[in-house]
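Q: To start, I am sharing the structure in question, which I have written as structure tokens.
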Amino acid sequence: MILFLMRGLLLRFVILAGALTLLASCTTSTLAPRGQVDKGLTPQQVDAYVGNKASKPYTRRTSADLLGTPAQSLIRYVTAETNILEFKNPALGQELENKWGKAKTEGFAIAHFGDSLVHGGFAAEMARGRLQTLRGSAGRGMTFPYSLANIYSQNDFQSTFTGEWTSANSAQPSPRLPLGVSGFAARTSDTSASFSLNFYTAPELGKKRVKLFYSTNSASYTLRIQSANFLHQVNLPNDGALPRTQMLELSFPEMSDTLRFELTSLGSNSGRFFEVHGISIENTTPGVLYHSLGVGSANYGALLGQTYFEEQSAQLAPALIVLDWGTNDIFSKNSIPPELEKNMVQTIKKVRAQHPKALIVLTSAQDMTSRRRNITATWDFAILARRLAFENDCLFYDWYRIAGGRASMATWVAYGLTGPDHIHLTGLGYAVKGELFAQAILNMLERVKSDPTLKNIEIKTTVATQPHSVVGWLKEVSAVPRKGLFDKRP
Numbered sequence: 006m007i008l009f010l011m012r013g014l015l016l017r018f019v020i021l022a023g024a025l026t027l028l029a030s031c032t033t034s035t036l037a038p039r040g041q042v043d044k045g046l047t048p049q050q051v052d053a054y055v056g057n058k059a060s061k062p063y064t065r066r067t068s069a070d071l072l073g074t075p076a077q078s079l080i081r082y083v084t085a086e087t088n089i090l091e092f093k094n095p096a097l098g099q100e101l102e103n104k105w106g107k108a109k110t111e112g113f114a115i116a117h118f119g120d121s122l123v124h125g126g127f128a129a130e131m132a133r134g135r136l137q138t139l140r141g142s143a144g145r146g147m148t149f150p151y152s153l154a155n156i157y158s159q160n161d162f163q164s165t166f167t168g169e170w171t172s173a174n175s176a177q178p179s180p181r182l183p184l185g186v187s188g189f190a191a192r193t194s195d196t197s198a199s200f201s202l203n204f205y206t207a208p209e210l211g212k213k214r215v216k217l218f219y220s221t222n223s224a225s226y227t228l229r230i231q232s233a234n235f236l237h238q239v240n241l242p243n244d245g246a247l248p249r250t251q252m253l254e255l256s257f258p259e260m261s262d263t264l265r266f267e268l269t270s271l272g273s274n275s276g277r278f279f280e281v282h283g284i285s286i287e288n289t290t291p292g293v294l295y296h297s298l299g300v301g302s303a304n305y306g307a308l309l310g311q312t313y314f315e316e317q318s319a320q321l322a323p324a325l326i327v328l329d330w331g332t333n334d335i336f337s338k339n340s341i342p343p344e345l346e347k348n349m350v351q352t353i354k355k356v357r358a359q360h361p362k363a364l365i366v367l368t369s370a371q372d373m374t375s376r377r378r379n380i381t382a383t384w385d386f387a388i389l390a391r392r393l394a395f396e397n398d399c400l401f402y403d404w405y406r407i408a409g410g411r412a413s414m415a416t417w418v419a420y421g422l423t424g425p426d427h428i429h430l431t432g433l434g435y436a437v438k439g440e441l442f443a444q445a446i447l448n449m450l451e452r453v454k455s456d457p458t459l460k461n462i463e464i465k466t467t468v469a470t471q472p473h474s475v476v477g478w479l480k481e482v483s484a485v486p487r488k489g490l491f492d493k494r495p
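Quick note: the sequence shown uses the working numbering, first residue 6, plus one each step.
If you want it as structure tokens, here you go:
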């Protein structure tokens, strides 16, 4: 009898040890408050290698790397008199200074929402790099395997996949799937499917946390996630009361240029599904984390349609949230749509309800041309965005003025900073935009620090081309426009 009991206890111990070994590879959770989520633990180390061992080492690119010698004069010419975050409520300046001051110890996350002008990632790369140089790097931030959605990727990686997937994004009036904070979702019901993120260089050195935002309605799925020689194998849970969305947090002692996800399911998958909503790649050290959350063709209704915004954005814990839409709202009819102001206010309210302590930035849209017609509504939108920013205690970034004002797009095109559609920028143009946005944050911080009694920053502007704008800088670099002016390319 005693021997029988001992065998029973031994069997239970073996089962428990096996379960603990599985749990040690990762953490999967409902989207609890950020501070309550356990950290992913050590993965298995295997012989098979995922990635390219000969990939280029990571280097943080700067505007000088892309623009060449003229980059040196950009910040000198486009001064803080023009390029600065504006505010009407004096508390906003002090709040930003306090948050920035804690970046090295507590982190400083930026969530930058927007349209195709954000989606590509060039501007975010420049802003991210500039700010991380000053306060340390907390990682790459949120992304998505864009090939699943049959859309272009961000500038630093490509993605591949296998299996059949259905996708949706927040540019669609009625998305076919519930969306998360990335603005994208992809669903499969295949018994075997995969996707990979293939970066153009190796990542920053050091330990990484990978956060997978997903949803599933079945416990039959097993997920293998690997980078370099480090592998996690996870049986996705289903306790009969699935949350609306879940997050899987994985630890990697190091990563290669490739992050691969392989999904398998036992038996028939009739009615079962797995959805991916986004992937955040983060360092284990505090610093600046810049999430680029653009969706091509999206407008100011985009975030209002994100079903999982509250749960997933809570995990990003942004200190600064940038709302950077407007182009797609105004360019087709060259006017302010009747519903735009309402959508902007509702978006601010939705963001603030979930992130009451975060600072919100509204932006204006750049001058543009469509079918040889100047979109004069960009000026009207700049006025609207400024008013709503100040009425709703938001910061304001007047990119319309900083880029050059009315009819300035022709100059951007002539110098090779904008593509042939006279709306979307080239990689060089985005490099300028990202560099100046980061500098605008720093200019505001310097102004507040130098004058603690500062009550507001409001810059009077007109529709005409402004002094110390990007257009003025271009003409100073070369009085004669030429697209080959800059000696380097992204």
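Every residue gets a Cβ at the ideal spot worked out from N, C-alpha and C, and that includes glycine. Computed from a predicted model, the values in this text were never measured in an experiment.
Buried or exposed: ARG378, going by 16 or more other Cβ atoms within 10 Å of its Cβ?
A: Counting from one through the sequence shown, the residue named residue 378 turns up at place 373. Classification for ARG378: exposed.
Q: Which value, in whole angstroms, describes the spacing of the CA atoms of SER68 and MET131?
A: Within the sequence shown, numbered from 1, the residue matching residue 68 stands at position 63. Within the sequence shown, numbered from 1, the residue matching residue 131 stands at position 126. SER68 and MET131: Cα-Cα distance of roughly 7 Å.
Q: Below 7 Å between beta carbons: does that hold for ASN88 and ILE407?
A: Position 83 of the sequence shown, counted from the first residue, corresponds to residue 88. Position 402 of the sequence shown, counted from the first residue, corresponds to residue 407. Cβ distance < 7 Å, so ASN88 and ILE407 count as in contact.
Q: Taking the alpha carbon of PHE118 as the reference point, which residue from TRP330, ARG192, SER275 has its own alpha carbon closest?
A: Sequence index remark: in the sequence shown, residue 118 carries index 113 (1-based). Checking every option, the nearest Cα to that of PHE118 belongs to TRP330.
Q: Measure the alpha-carbon distance for TRP417 versus LEU122 and round it to whole angstroms.
A: On the sequence shown, residue 417 is found 412 positions in, with the first residue counted as 1. On the sequence shown, residue 122 is found 117 positions in, with the first residue counted as 1. So the alpha carbons of these two residues sit roughly 15 Å apart.
Q: For the ligand ATP, is there any heavy atom lying closer than 6 Å to the beta carbon of ARG140?
A: With respect to small molecules bound, the structure shown includes none, and the ligand ATP cannot be examined in it.
Q: Taking only the alpha-carbon atoms, compute the straight-line gap between LEU450 and GLU86 and give it to the nearest angstrom.
A: Counted from its first residue, the sequence shown places residue 450 at position 445. Counted from its first residue, the sequence shown places residue 86 at position 81. Approximately 13 Å between the Cα atoms of the pair.
Q: Could you please give me the residues that DSSP links to PHE113 through a beta bridge?
A: The residue given as residue 113 occupies position 108 in the sequence shown. BP columns for PHE113 point to VAL293.
Q: With ALA190 and ALA173 assumed to form a contact (beta carbons below 8 Å), what rounded beta-carbon distance in angstroms separates them?
A: Walking along the sequence shown from the start, residue 190 turns up at place 185. Walking along the sequence shown from the start, residue 173 turns up at place 168. Contact holds; Cβ gap of about 5 Å.
Q: Would you mind giving the Cβ-Cβ distance between LEU71 and ALA436, rounded to the nearest angstrom? I have them listed as a contact below 8 Å.
A: Working through the sequence shown from its first residue, we reach residue 71 at position 66. Working through the sequence shown from its first residue, we reach residue 436 at position 431. 4 Å between Cβ atoms; contact.
Q: Give me the Cα-Cα distance between PRO291 and PHE266, rounded to the nearest whole angstrom.
A: Stepping through the sequence shown from its first residue, residue 291 is reached at position 286. Stepping through the sequence shown from its first residue, residue 266 is reached at position 261. Distance between the alpha carbons of PRO291 and PHE266 is about 26 Å.
Q: Within 8 Å, do at least three Cβ pairs link the region 463-482 to the region 101-121?
A: These segments do not touch.
Q: What three-state label does DSSP hand ARG133 in the structure shown?
A: For this step, residue 133 is matched to residue 128 along the sequence shown. DSSP places ARG133 in helix when its eight states are reduced to three.
Q: Determine whether the beta carbon atoms of LEU4 and VAL51 lie at a separation below 7 Å.
A: Here the chain covers residues 6 to 495 and nothing more, so residue 4 does not appear.
Q: Whose CA, out of ASN222, ASP372, GLN137, VAL300, lies closest to the CA of ASP2?
A: Here the chain covers residues 6 to 495 and nothing more, so residue 2 does not appear.
Q: Out of GLN99, GLU111, SER261, LEU90, which has the shortest C-alpha to C-alpha gap to VAL293?
A: For this step, residue 293 is matched to residue 288 along the sequence shown. Closest in alpha carbon position to VAL293, among GLN99, GLU111, SER261, LEU90, is GLU111.
Q: Pairing CB atoms from the region 251-266 with CB atoms from the region 206-225, are three or more of them under 8 Å?
A: yes
Q: For TYR226, list the residues DSSP reports as bridge partners.
A: Walking along the sequence shown from the start, residue 226 turns up at place 221. In DSSP, TYR226 forms a bridge with SER270.
Q: Per DSSP, what kind of secondary structure is THR458 in: helix, strand or coil?
A: Counted from its first residue, the sequence shown places residue 458 at position 453. THR458: coil per DSSP, three-state reduction.
Q: Excluding the 5 residues preceding and the 5 following PRO62 in the sequence, name in chain order all residues of the same chain whose CB lies nearer than 6 Å to its CB.
A: Translated into positions along the sequence shown, residue 62 becomes position 57. Scanning its chain for C-beta atoms nearer than 6 Å, with the 5 sequence neighbours on each side dropped, one finds around PRO62 the residues ALA207, in chain order.
Q: With a threshold of 7 Å on Cβ separation, who are the neighbours of GLU102 within its own chain once the five nearest residues in sequence on each side are excluded?
A: Position 97 of the sequence shown, counted from the first residue, corresponds to residue 102. Contacts found: LEU450, VAL453, LYS454.
Q: Would you please state the rounded distance, in angstroms, between the beta carbons of LYS104 and PHE92? I believe it to be under 8 Å.
A: One-based indexing of the sequence shown puts residue 104 at position 99. One-based indexing of the sequence shown puts residue 92 at position 87. About 14 Å separates the beta carbon of LYS104 from that of PHE92, a gap too long to meet the 8 Å contact definition.
Q: For GLY489, does the count of other Cβ atoms within 10 angstroms reach 16, so buried, or fall short, so exposed?
A: In the sequence shown, counting from the first residue as 1, residue 489 sits at position 484. Under this definition GLY489 is an exposed residue.
Q: My output table needs one value for PHE18: the three-state DSSP class, helix, strand or coil.
A: The count along the sequence shown starts at 1 and reaches residue 18 at position 13. For PHE18, the pLDDT reaches just 41, beneath the cut-off of 50, and the residue's location in the model is therefore unreliable, leaving the point undetermined.
Q: Please go through the same chain and pick out, in chain order, the residues whose beta-carbon is closer than 8 Å to the beta-carbon of GLU497, but skip the five residues on each side of it.
A: Any answer about residue 497 is impossible in this case: the structure gives the chain only from 6 up to 495.
Q: On the three-pair Cβ rule with 8 Å, is the region 310-321 touching the region 195-205?
A: no
Q: Looking only at its own chain, which residues have a Cβ that is under 6 Å from the Cβ of VAL327, when we skip the five neighbours before and after it?
A: Looking up residue 327 in the sequence shown gives position 322. Counting only Cβ-Cβ distances below 6 Å, and skipping sequence neighbours, we find HIS117, VAL366.
Q: Using only the alpha-carbon positions, how far apart do SER413 and THR470 sit?
A: Within the sequence shown, numbered from 1, the residue matching residue 413 stands at position 408. Within the sequence shown, numbered from 1, the residue matching residue 470 stands at position 465. If you take the alpha carbons of SER413 and THR470, they lie about 7 Å apart.
Q: Looking at the strands, I want to know which residues DSSP matches up with LEU210.
A: Your numbering for residue 210 matches position 205 in the sequence shown. Partner(s): none; LEU210 has no beta bridge.
Q: Does the distance from the C-beta atom of ARG391 to that of PHE401 stay below 7 Å?
A: Translated into positions along the sequence shown, residue 391 becomes position 386. Translated into positions along the sequence shown, residue 401 becomes position 396. Yes, Cβ-Cβ distance for ARG391 and PHE401 is below 7 Å.
Q: Have a look at ILE446, VAL468, THR467, VAL55 and flag the residue whose alpha-carbon is nearest the alpha-carbon of ALA233.
A: Taking the first residue of the sequence shown as 1, we reach residue 233 at position 228. Among ILE446, VAL468, THR467, VAL55, the Cα nearest to that of ALA233 is on VAL55.
Q: Buried or exposed: ILE115, going by 16 or more other Cβ atoms within 10 Å of its Cβ?
A: Against the sequence shown, residue 115 aligns to sequence position 110. That one is buried.
Q: Under 7 Å Cβ to Cβ from ARG66, same chain only, skipping five residues before and after it: list those, please.
A: Translated into the one-based positions of the sequence shown, residue 66 becomes position 61. Within the same chain, ARG66 has close Cβ partners GLU130, GLY134.
Q: Buried or exposed: which applies to GLU396, given that a residue is buried once 16 or more other Cβ atoms fall within 10 Å of its Cβ?
A: The sequence position of residue 396 within the sequence shown is 391, counting from 1. Looking at its Cβ environment, which holds fewer than 16 other Cβ atoms inside 10 Å, GLU396 is exposed.
Q: Pick out the complete beta strand (DSSP E) segments inside the region 165-194, 3 residues or longer, and give them in chain order.
A: Restricted to the region 165-194, the beta strand (DSSP E) segments that are unbroken, complete and at least 3 residues in length are 171-174, 189-193, listed in chain order.
Q: Considering GLN359, what are the terminal residues of the beta strand (DSSP E) in which it resides?
A: For the purposes of this step, residue 359 is taken as the residue at position 354 of the sequence shown. Here GLN359 belongs to no beta strand (DSSP E); instead the alpha helix (DSSP H) covers 345-359.
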